[in-house]
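As structure tokens, the structure follows; a few thoughts come after it.
Residue numbers (the UniProt record's numbering): 1 to 534.
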């Protein structure tokens, strides 16, 4: 796991470049990428290069009597997928796949950087622009309001423009939003910039896991997706570490850098093969699939399986929002919407946006608190990303949500003790540890896995509508938490965190009862197992 960069570069040149002589320029592009991204790929992706493939998941066939012709066609396609193991070369990692993941990671880094912006800058921005608590609460919550708007159009936008085409649009919004904040002289311009960044995050939250789920082999899908989600934690941690020491306008200008660096790389990454076949670009679909799986990979079975399943879904429904509310999708809807609602209702945005205020109120140094929190988040995120394909999504979600419940409960206890002037010194230490527990648990699972699940459980014909609905409901809850936190905190600091703890407890029960394991299964297998007859 702890391979040096020089070893990574040597292995890259001897193995991948040697086996893919038809692509010579892309490895050089990757080698020139920022070292922090290479380091994270080194410890997360390289351990996946194993000559031993996992056993294919076998989905039990179901016999139906007196079945309609169209329904029978779908079941035949699903059966074909199972018998052939979805045809994926499960151990292949290509230059194209790594470069595509790297571009997605740069967007994820920007998402986290944006989310952490208000935590170290609240007092300075309020002083410079003369903002009240209510005005700054509005500024902070506008990120979620923008995310709601972005979630509303995310599914249709990603389906219409394609996964790659949407990335171009996102970069423009990110640049304009940060410039508006950096040069704001009046509160309304500050709010406009925050709203634009939130709109971009709302689309990116759906786009990234969907794109990665559709381009990666089944045995690497969890690790690649979790690794990219971890880059959001890196962006958040970067803001926590450097934010207290840099002017808030300079911080906004720094936020533009990932977009400017990655724009040229978009030219070299492919579109999602599943999106290509869904829009009828089948020749390009086969070329892209081969570039993602490798020159020597046998992609014929996988390509046939994807085509058959997608064609069958097209004949059954048109993919609109109303099509999503068919009885056969009820199970998937409950899982997807439930995860997103509980993910954002348990106080995650309160801890993320206002951790500086929480540390100060607990009698702790904001600088020490934010710096140590950044380290804890990175460690737990790396551990979570490394384990997701070994122990599965469901197990990590259970551990993560239980940690959220315990951490927020301890935070409430610490403020309760301080409110009664009991064990003041111990209460401060308890507050610091509880915040570490909460945020560490969140980054280990609940931060990124709910979107991974949403991207996996919905068929491509309704995936856009499902992503919009899941993003909308999650961001409404996120906005509610972020806008009301300061008011709730003034009402009862301890009571606020006890409420979050209770919601996280409900989340543990929901995951245990409702969420299936998707590790080691193709997208088509997962979706077929959750789809029921009307």
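Here a beta-carbon is modelled for each residue, glycine too, at the ideal position from N, C-alpha and C. All values derive from a computational prediction rather than experimental measurement.
Buried or exposed (CB count within 10 angstroms, at least 16 for buried), residue i
i: residue 344; result: buried
i: residue 524; result: buried
i: residue 536; result: An answer regarding residue 536 cannot be provided, because it is not within the stretch 1 to 534 covered by the chain.
i: residue 423; result: exposed
i: residue 459; result: buried
i: residue 26; result: Residue placement at residue 26 cannot be trusted, given a pLDDT of 36 that sits under 50; the coordinates are not used to answer.
i: residue 183; result: exposed
i: residue 327; result: exposed
i: residue 214; result: buried
i: residue 262; result: buried
i: residue 390; result: exposed
i: residue 134; result: exposed
i: residue 409; result: buried
i: residue 172; result: exposed
i: residue 130; result: exposed
i: residue 512; result: exposed
i: residue 237; result: buried
i: residue 139; result: buried
i: residue 489; result: buried
i: residue 415; result: buried
i: residue 471; result: buried
i: residue 260; result: exposed
i: residue 136; result: buried
i: residue 476; result: buried
CB-CB length for residue i against residue j, believed under 8 angstroms
i: residue 455; j: residue 270; result: Not quite, the Cβ-Cβ distance comes to about 18 angstroms (not below 8 angstroms), so this is no contact.
i: residue 538; j: residue 493; result: In this structure the chain extends from 1 to 534, so residue 538 is not present and cannot be described.
i: residue 403; j: residue 441; result: 3 angstroms
i: residue 349; j: residue 482; result: 4 angstroms
i: residue 285; j: residue 292; result: Rounded, the Cβ-Cβ distance is 11 angstroms, inconsistent with contact.
i: residue 407; j: residue 438; result: 3 angstroms
i: residue 193; j: residue 178; result: 7 angstroms
i: residue 115; j: residue 480; result: That belief does not hold up - the Cβ atoms of residue 115 and residue 480 are roughly 16 angstroms apart, past 8 angstroms.
Straight-line Cα distance separating residue j from residue i
i: residue 522; j: residue 301; result: 13 angstroms
i: residue 396; j: residue 515; result: 12 angstroms
i: residue 30; j: residue 103; result: Note that residue 30 has pLDDT 34, beneath the 50 cutoff, so the model's placement of it is unreliable and no number is given.
i: residue 247; j: residue 518; result: 44 angstroms
i: residue 146; j: residue 225; result: 24 angstroms
i: residue 359; j: residue 369; result: 6 angstroms
i: residue 170; j: residue 200; result: 6 angstroms
i: residue 549; j: residue 232; result: As shown, the chain starts at 1 and ends at 534. That puts residue 549 outside it, with no answer to give.
i: residue 242; j: residue 118; result: 13 angstroms
i: residue 120; j: residue 295; result: 48 angstroms
i: residue 330; j: residue 268; result: 39 angstroms
i: residue 249; j: residue 405; result: 36 angstroms
i: residue 207; j: residue 527; result: 19 angstroms
i: residue 298; j: residue 366; result: 55 angstroms
i: residue 125; j: residue 252; result: 12 angstroms
i: residue 98; j: residue 228; result: 11 angstroms
i: residue 219; j: residue 93; result: 11 angstroms
i: residue 272; j: residue 382; result: 26 angstroms
i: residue 212; j: residue 153; result: 20 angstroms
i: residue 325; j: residue 466; result: 10 angstroms
i: residue 274; j: residue 398; result: 31 angstroms
i: residue 419; j: residue 495; result: 11 angstroms
i: residue 443; j: residue 378; result: 8 angstroms
i: residue 520; j: residue 290; result: 21 angstroms
Contact check, residue i vs residue j, beta carbons under 8 angstroms
i: residue 448; j: residue 155; result: no
i: residue 109; j: residue 258; result: yes
i: residue 507; j: residue 346; result: yes
i: residue 221; j: residue 385; result: no
i: residue 497; j: residue 411; result: yes
i: residue 266; j: residue 164; result: yes
i: residue 436; j: residue 376; result: yes
i: residue 469; j: residue 335; result: no
i: residue 530; j: residue 332; result: yes
i: residue 217; j: residue 340; result: no
i: residue 342; j: residue 510; result: yes
i: residue 235; j: residue 112; result: yes
i: residue 354; j: residue 245; result: no
i: residue 142; j: residue 195; result: yes
i: residue 280; j: residue 202; result: no
i: residue 240; j: residue 374; result: yes
i: residue 364; j: residue 427; result: no
i: residue 400; j: residue 144; result: no
i: residue 107; j: residue 204; result: yes
i: residue 166; j: residue 158; result: yes
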